[in-house]
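Number of protein chains: 2
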Amino acid sequence: MTDLSLLSSLRREAREAPASGIVDVVNHGRTRPGLIPLWVGEGDMSTPAFIAEAATRSLVAGETFYTWQRGIPELREALARYISRLYGKTYEAERFYVTGSGMQALQIAVRMLVGSGDEVVVPTPAWPNFGAAIGIAGATPVPVPMQLSNAGWTLDLDRLAGAITPATRVICVNSPANPTGWTASREELAAILALARRHGLWIIADEIYGRFVYDGSERAPSFRDVMDAEDRIVFVQTFSKNWAMTGWRVGWLEAPPALGDVIENLIQYATSGVAVFIQRACIAALDQGEGFIAHQIARARAGRDIVCRGLSATGRVRFAEPAGAFYLFFSVDGEDDTRRLAIRLVDEANVGLAPGTAFGAGGERFLRLCFARKAEDLEEAVARLARALT
Amino acid sequence: MTDLSLLSSLRREAREAPASGIVDVVNHGRTRPGLIPLWVGEGDMSTPAFIAEAATRSLVAGETFYTWQRGIPELREALARYISRLYGKTYEAERFYVTGSGMQALQIAVRMLVGSGDEVVVPTPAWPNFGAAIGIAGATPVPVPMQLSNAGWTLDLDRLAGAITPATRVICVNSPANPTGWTASREELAAILALARRHGLWIIADEIYGRFVYDGSERAPSFRDVMDAEDRIVFVQTFSKNWAMTGWRVGWLEAPPALGDVIENLIQYATSGVAVFIQRACIAALDQGEGFIAHQIARARAGRDIVCRGLSATGRVRFAEPAGAFYLFFSVDGEDDTRRLAIRLVDEANVGLAPGTAFGAGGERFLRLCFARKAEDLEEAVARLARALT
Chain A
16 MTDLSLLSSL RREAREAPAS GIVDVVNHGR TRPGLIPLWV GEGDMSTPAF IAEAATRSLV
76 AGETFYTWQR GIPELREALA RYISRLYGKT YEAERFYVTG SGMQALQIAV RMLVGSGDEV
136 VVPTPAWPNF GAAIGIAGAT PVPVPMQLSN AGWTLDLDRL AGAITPATRV ICVNSPANPT
196 GWTASREELA AILALARRHG LWIIADEIYG RFVYDGSERA PSFRDVMDAE DRIVFVQTFS
256 KNWAMTGWRV GWLEAPPALG DVIENLIQYA TSGVAVFIQR ACIAALDQGE GFIAHQIARA
316 RAGRDIVCRG LSATGRVRFA EPAGAFYLFF SVDGEDDTRR LAIRLVDEAN VGLAPGTAFG
376 AGGERFLRLC FARKAEDLEE AVARLARALT
Chain B
16 MTDLSLLSSL RREAREAPAS GIVDVVNHGR TRPGLIPLWV GEGDMSTPAF IAEAATRSLV
76 AGETFYTWQR GIPELREALA RYISRLYGKT YEAERFYVTG SGMQALQIAV RMLVGSGDEV
136 VVPTPAWPNF GAAIGIAGAT PVPVPMQLSN AGWTLDLDRL AGAITPATRV ICVNSPANPT
196 GWTASREELA AILALARRHG LWIIADEIYG RFVYDGSERA PSFRDVMDAE DRIVFVQTFS
256 KNWAMTGWRV GWLEAPPALG DVIENLIQYA TSGVAVFIQR ACIAALDQGE GFIAHQIARA
316 RAGRDIVCRG LSATGRVRFA EPAGAFYLFF SVDGEDDTRR LAIRLVDEAN VGLAPGTAFG
376 AGGERFLRLC FARKAEDLEE AVARLARALT
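If you're matching them up, the sequences are chains A and B in order.
Counting in the working numbering, the first sequence tops out at residue 405, every number present.
Counting in the working numbering, the second sequence tops out at residue 405, every number present.
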């Protein structure tokens, strides 16, 4: 009774924040020997030594004091160089703000833009943390389910427009998308931007998988290809995926410099900046990381082929071959309860997958498999899944 | 005009989040050669090698993956050992949650407890981030000014009780206090707790300076000395001060285990945990840090004597000798505009102080000086200040 009384005295939005539907399954299988974990968005390689060593050098040099809330100038310059090179235009360092994870970039973007009574349109299936961060801020995520057809996953732009109400403040756009692999074309991004402009909405753009595309391009289409400098777009970004730095908890925001003071204050009152020694590692990643990224993408491409081919061969699964990101999102004929199925696959196949129920409207009947992993593990995982599913 | 339009499209609470009144002065003097910086709450020693090396070892071992949202079990156990030893009771690891800074511990406590329409009572002068974090969450900080008399700073408990309204949800209590050095007695803490119990309020307890006391005790009185396990108290804590880890951005929450799932979710949707290699450093700090803490406290005690004696000798300043924390909070006769005075002291004395205007009601006529620094610097700073003030 005391526990109930304690809980009921908390703020409703905090109390009702959803647990991650992935963790539920992870907790079921976390300690199983030999389990192949494909349930979270993380590869199997630890951070490359050239990145970790930059942090170590900084620690040895005693860089352990408070620093710039927006990030050290050297890292902001490195971000500007990286983005300028990749997107073929000149971006100023003032557009970049270092954050304590991509998740924190999202949290700050949300807290900057919405509160009680506001609505945020989120195409689904989607990374669950979008909706949760919006809900904790007191706003309401409005899902717009995407469709899976023979043409792959598609976002119906009329349906997106139809979800906009007078309370809408923001559209979240994640491309390449977790979990579906949907990758917006330049034309689709232009159409979404036109819609946002027409309604005076902000866009929170999550292009963190922008390097993970499988058509041979260096990167996916980006809002940067179609936007003007003054457009209301905030990019949320992370070092986690490109540079195998999931555990470091460091990311960045890219936003118009006019927002700088507001973003600085929100960083100040969230975690008050990021460790300098971590930022030194980030500079090494940006400046010297292209070889490692190429290696990771080649590995993910091979992984994608293995899982697509292997699961197709079962004759029981349905999916769109992902154009981007590093997940296969698939359904299994006759299996409706994917949470139960994910638990069964832990028990019977010793493979960890994420249940689609975690990803919101339209994802319930799917499972998510992360293929950013060595071929040997993926071959074995697919063989085990095939046995359990057929 | 575009910038104004961008800003006006942001959420009001974010747009209006106050800039730190300290940073304003820091920016004025940041680049001055020879300036003695006593404006922020940070010592002059970098993190001890035995702590930094634990992080390096973890990095070399490849601990760069996602981890437990509540903190790695080994660190939660180390926190339980540390707190149990220091406070003379047995505390379970389940009460401790690792956060990405003490600031984040506060942010999560605030977001767990209050939102729009709620009020939080905050004795002032106070660390400005309390009020700012409360305001960003949409709630209202209600200041209760403390008094400075010949008996030192005192908190009038009747005045505290008088600030409580039906909208009040939380009382923030910072003891030993930044910036005043006020250190609540056990009886005062019991009285505040009784008040909170009577009104069904939560207490956010900031006892981060609990080791920095100058009466020879090992620690300041704590709510832990007077509370029951089921009391509505959340402790916000940091590794910054005790172990010279300001730049690491790591702290912890201590709260009833019944809140564990809610806290885990709020961590998940804020920064999704703290780097394992940082947590390894924290374990070293807790388990092997007592010698370093003793050294720091002895140094701060010497620093306190230097600045109290030196500024008294000017005949122009007024202060209460601080019982705890590591700040001298003093007024200067005839000087009302302390922001201007702080700027002048940068220009004329080359000493950086924080203006009392940053610390809210009752602090406006004071300056804050951090004395966690080597004696030589403090002697020089005091000599320069004496010349500029007399």
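Each residue gets a CB set at the ideal place from its N, CA and C atoms; glycine is no exception.
Bear in mind the structure is a predicted one, so any value in this text is a computation, not a measurement.
>> Quick check on the DSSP output: the alpha helix (DSSP H) that includes residue 307 of chain A runs from which residue to which?
In response: Segment 305 to 327, the alpha helix (DSSP H) holding residue 307 of chain A.
> If you drop the 5 nearest sequence neighbours on each side, which residues of the same chain put their C-beta closer than 7 angstroms to that of residue 84 of chain B?
Replying inline: Within the same chain, residue 84 of chain B has close Cβ partners 279, 282, 283, 287, 288.
> Near residue 162 of chain A, which residues of its chain fall below 6 angstroms by C-beta distance, leaving aside the five closest residues on each side in sequence?
Replying inline: If we look at residue 162 of chain A and ignore the five residues flanking it on each side, its Cβ neighbours are 169.
> Taking the alpha helix (DSSP H) that residue 107 of chain A falls in, what are its first and last residues?
Replying inline: For residue 107 of chain A, there is no enclosing alpha helix (DSSP H), as DSSP marks it with neither H nor E.
>> Distance cutoff 8 angstroms, beta carbons only. Does residue 32 of chain A sit that close to anything in chain B?
In response: Look at residue 32 of chain A: its C-beta is under 8 angstroms from a C-beta on chain B.
> Out of curiosity, what's the CA-to-CA distance linking residue 404 of chain A and residue 201 of chain A?
Replying inline: For the pair residue 404 of chain A and residue 201 of chain A, the Cα-to-Cα distance works out to about 38 angstroms.
> According to DSSP, is residue 135 of chain B helix, strand or coil?
Replying inline: Residue state, collapsed to three classes: strand.
> Can you tell which of B:132, B:390, B:298 has its C-alpha closest to the C-alpha of residue 98 of chain B?
Replying inline: Measuring C-alpha to C-alpha distances from residue 98 of chain B to each of B:132, B:390, B:298 identifies B:298 as the nearest.
> Closer than 8 angstroms, CB to CB, is residue 61 of chain A near chain B or not?
Replying inline: Yes, residue 61 of chain A counts as interfacial toward chain B.
> Nearest chain B C-beta to residue 52 of chain A closer than 8 angstroms, yes or no?
Replying inline: Among the residues facing chain B, residue 52 of chain A is not included, as its CB has no counterpart in that chain under 8 angstroms away.
> Got a sec: is the Cβ-Cβ distance from residue 16 of chain B to anything in chain A below 8 angstroms?
Replying inline: Because the pLDDT of residue 16 of chain B is 47, which lies under 50, any placement of that residue in the model is unreliable, and the question is left without a value.
> Counting only beta-carbon atoms, is residue 261 of chain B nearer than 8 angstroms to chain A?
Replying inline: Interface residue, yes.
> Quick one: Cα of residue 30 of chain A to Cα of residue 117 of chain A, how far?
Replying inline: Rounded to whole angstroms, residue 30 of chain A to residue 117 of chain A spans 23 angstroms at the Cα level.
>> Please report the straight-line C-alpha distance between residue 371 of chain B and residue 347 of chain B, rounded to a whole angstrom.
In response: Spanning the two alpha carbons is a distance of roughly 11 angstroms.
> In terms of alpha-carbon separation, which member of A:276, A:355, A:337 lies closest to residue 32 of chain B?
Replying inline: Minimum Cα distance to residue 32 of chain B is reached at A:276.
>> Using a Cβ-Cβ cutoff of 9 angstroms, what residues of the stretch 78 to 91 of chain A are near chain B? List them in chain order.
In response: Within the stretch 78 to 91 of chain A, the residues whose Cβ lies closer than 9 angstroms to some Cβ of chain B are 78, 79, 80, 81, 82, 84, listed in chain order.
> Distance, Cα to Cα, residue 11 of chain B vs residue 186 of chain B?
Replying inline: As displayed, chain B neither begins before 16 nor continues past 405, which places residue 11 of chain B out of reach and without an answer.
> Quick one: complete alpha helix (DSSP H) runs, 4+ long, within the stretch 199 to 231 of chain B?
Replying inline: Counting only runs of 4+ residues, the alpha helix (DSSP H) found wholly inside the stretch 199 to 231 of chain B occupies 201 to 214, in chain order.
> At which residues does the beta strand (DSSP E) containing residue 394 of chain A begin and terminate?
Replying inline: Taken as a continuous stretch (DSSP letters only), residue 394 of chain A belongs to no beta strand (DSSP E), being part of the alpha helix (DSSP H) at 390 to 404.
> From the beta carbon of residue 271 of chain A, is the nearest beta carbon of chain B less than 8 angstroms away?
Replying inline: Yes - at least one Cβ of chain B is within 8 angstroms of the one on residue 271 of chain A.
> Who are the near neighbours of residue 391 of chain B in its chain, counting only those whose CB is closer than 8 angstroms to its CB and skipping five residues on each side?
Replying inline: None.
> Between which two residues does the beta strand (DSSP E) harbouring residue 186 of chain B extend?
Replying inline: Start and end: 183 to 189.
> In chain B, what lies closer than 7 angstroms to residue 355 of chain A by C-beta?
Replying inline: Within chain B, no residue comes near residue 355 of chain A; the closest Cβ sits about 22 angstroms away, beyond 7 angstroms.
>> On a Cα-Cα basis, can you pick out the residue from A:77, A:61, A:203 that is closest to residue 408 of chain A?
In response: A query on residue 408 of chain A cannot be resolved here, the shown segment of chain A reaching from 16 to 405 and no further.
>> Between the alpha carbons of residue 123 of chain B and residue 119 of chain A, how many angstroms are there, rounded?
In response: So the alpha carbons of these two residues sit roughly 13 angstroms apart.
> Between which two residues does the beta strand (DSSP E) containing residue 117 of chain B stretch?
Replying inline: Segment 117 to 128 is the alpha helix (DSSP H) holding residue 117 of chain B; no beta strand (DSSP E) there.
> Buried or exposed: residue 296 of chain A, going by 16 or more other Cβ atoms within 10 Å of its Cβ?
Replying inline: Buried, since its Cβ has 16 or more Cβ neighbours within 10 Å.
> Residues of chain A with a CB under 8 angstroms from the CB of residue 264 of chain B: which are they?
Replying inline: The answer, in chain order, is 115, 286, 287, 288, 289, 290.
> Excluding five sequence neighbours on each side, which residues of the same chain lie with their C-beta closer than 7 angstroms to the C-beta of residue 160 of chain A?
Replying inline: Closer than 7 angstroms at the Cβ level, and outside the excluded window around residue 160 of chain A, lie 139, 376, 377.
> Which residues of chain B have a Cβ atom closer than 8 angstroms to the Cβ of residue 131 of chain A, listed in chain order?
Replying inline: 130, 131, 153, listed in chain order.
> Does the Cβ-Cβ distance between residue 273 of chain A and residue 18 of chain B come in under 8 angstroms?
Replying inline: Their beta carbons are under 8 angstroms apart, which means residue 273 of chain A touches residue 18 of chain B by this criterion.
> Who does residue 248 of chain B pair with in a DSSP beta bridge?
Replying inline: When beta bridges are read from the DSSP output, residue 248 of chain B appears opposite B:218.
>> Give me, in chain order, the residues of the same chain whose beta-carbon lies closer than 7 angstroms to that of residue 340 of chain A; leave out the 5 immediate sequence neighbours on both sides.
In response: The residues are 191, 192, 193, 196, 224, 227.
> Considering only C-alpha positions, which residue in the set B:174, B:86, B:385 is nearest to residue 266 of chain B?
Replying inline: Of the listed residues, the one whose Cα sits closest to residue 266 of chain B is B:86.
> Using a Cβ-Cβ distance under 8 angstroms, would residue 348 of chain B count as near chain A?
Replying inline: Not an interface residue.
> Measuring CA to CA, which of A:100, A:126, A:89, A:101 is closest to residue 108 of chain A?
Replying inline: Taking only the C-alpha atoms, the option nearest residue 108 of chain A is A:89.
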